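Below: one structure, written as structure tokens.
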Amino acid sequence: MTIRPRITEALARRRRWREFLDFADRHGSPHWLFRGVADKDKHLLVPKIGRDTARYDAGIERVLFRNFERRARQFVDVGSLSAWDLLALGQHHGLPTRLLDWSTNPLVAAFFAVSSEPRKEVARVYAYQASNVIDPTIEYDPFAIADVAVHIPSSIAPRIISQRGVFTVHPDPTIPLAPTGGATGDHYFDIEPIDRPYFERRLFGIAIDPSVIGADLDGLCRTLNWQYERGVALGKVVF
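If you're matching positions, the sequence shown starts at 7 in this note's numbering and goes up one per residue.
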């Protein structure tokens, strides 16, 4: 009595995976960017610096960035980086900024959607049409832009490269970015909690996992931990 429901569930998950691949194909041209969120209702398209609207202050934001610029000199050659790339580097390492992370690879976005917390909510992959790309040789100041734009960073960190990372930059980081296409659903894809482990396993099978996304030992150990917990592709013990 339990075999048929299990088969039905398995077929439904495979169908949903194929639907996601179709979604990716429909957004296959180079001007599409992708972002995965773990909770479609609570994770709005808002940069970290602006998520607490009562606390946000543009002056404090600039001071925070200047402090990062001053103190980061012990770790990186700040003088070799533009203000844009320095801001991207800070964002990459957890600094609250007016940047929002995206990827040019929909599979990378799906990985972040299904593997992030909370895991019991409906995840979502957004597709955003990039139309206004920053030219840092003309627009020097990230704090002087008038409209939402896209920053394509230099190769400043291995993880940005491995994640095919790009950023949107927001003149008012407290205002949520409106998804391309509005609320029609044409440009986002939802993943139910029951389907998230299946998606994660399929992504692992095509080398979209923390060891690749993270491009460091932390990422490698996250992947091995995930394999251990789920008994996935551990191989035989050989001494």
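From the three backbone atoms N, C-alpha and C, an ideal C-beta is built for every residue, glycine too.
Note that this is a predicted model, so its numbers are computed, not measured.
Whole angstroms is fine: what's the gap from residue i's alpha carbon to residue j's?
{"i": "P148", "j": "H157", "result": "10 Å"}
{"i": "T110", "j": "D196", "result": "18 Å"}
{"i": "D257", "j": "P53", "result": "Any answer about residue 257 is impossible in this case: the structure gives the chain only from 7 up to 245."}
{"i": "F245", "j": "N231", "result": "Note that F245 has pLDDT 45, beneath the 50 cutoff, so the model's placement of it is unreliable and no number is given."}
{"i": "V69", "j": "R208", "result": "43 Å"}
{"i": "R19", "j": "A136", "result": "31 Å"}
{"i": "F71", "j": "I151", "result": "16 Å"}
{"i": "T143", "j": "S88", "result": "9 Å"}
{"i": "L183", "j": "R165", "result": "24 Å"}
{"i": "P124", "j": "R202", "result": "11 Å"}
{"i": "I13", "j": "R22", "result": "14 Å"}
{"i": "R24", "j": "F205", "result": "10 Å"}
{"i": "S121", "j": "G96", "result": "23 Å"}
{"i": "R236", "j": "F210", "result": "12 Å"}
{"i": "D107", "j": "A94", "result": "9 Å"}
{"i": "R86", "j": "N138", "result": "Per the sequence shown, the amino acid found at residue 86 is Ser instead of Arg. C-alpha separation (whole angstroms): 25 Å."}
{"i": "A119", "j": "K126", "result": "12 Å"}
{"i": "V238", "j": "P199", "result": "20 Å"}
{"i": "V82", "j": "A16", "result": "49 Å"}
{"i": "P179", "j": "H49", "result": "14 Å"}
{"i": "Y146", "j": "L92", "result": "12 Å"}
{"i": "R79", "j": "D215", "result": "32 Å"}
{"i": "I140", "j": "G65", "result": "23 Å"}
{"i": "C227", "j": "I162", "result": "23 Å"}
{"i": "P177", "j": "F26", "result": "32 Å"}
{"i": "V84", "j": "R76", "result": "8 Å"}
{"i": "I181", "j": "I55", "result": "11 Å"}
Give the secondary structure of residue i by DSSP, where H, G and I count as helix, E and B as strand, and everything else as coil.
{"i": "H157", "result": "strand"}
{"i": "T143", "result": "coil"}
{"i": "I13", "result": "helix"}
{"i": "T110", "result": "coil"}
{"i": "R125", "result": "coil"}
{"i": "A115", "result": "helix"}
{"i": "V300", "result": "Because the chain in this structure spans residues 7 to 245, residue 300 falls outside the shown range and cannot be described."}
{"i": "A133", "result": "strand"}
{"i": "F173", "result": "strand"}
Out of the options, state which residue places its alpha-carbon closest to the alpha-carbon of residue i.
{"i": "V128", "options": "R236, D47, H37", "result": "D47"}
{"i": "P159", "options": "G211, T180, W90", "result": "W90"}
{"i": "V154", "options": "L51, R77, L27, I212", "result": "L51"}
{"i": "A213", "options": "E198, Q233, I200, F26", "result": "Q233"}
{"i": "Y194", "options": "D141, F210, D28", "result": "D28"}
{"i": "Q169", "options": "A116, P185, K126", "result": "A116"}
{"i": "Y132", "options": "A30, E75, A16, V238", "result": "A30"}
{"i": "R130", "options": "I66, D192, H99", "result": "D192"}
{"i": "H33", "options": "Y146, Y134, I66", "result": "Y134"}
{"i": "H98", "options": "R228, E67, D63, I167", "result": "I167"}
Meets three-Cβ-pair contact criterion under 8 Å: the stretch 99-118 and the stretch 163-180: yes
At least 3 beta-carbon pairs within less than 8 Å: the stretch 200-220 vs the stretch 59-78: no
Segment contact, 8 Å Cβ cut-off, at least three pairs: the stretch 109-126 with the stretch 24-42: yes
Start-end ranges of the alpha helix (DSSP H) lying completely within the stretch 28-103, minimum 4 residues: 64-77, 89-98
Length-filtered (3 minimum) beta strand (DSSP E) runs lying within the stretch 181-219: 194-197
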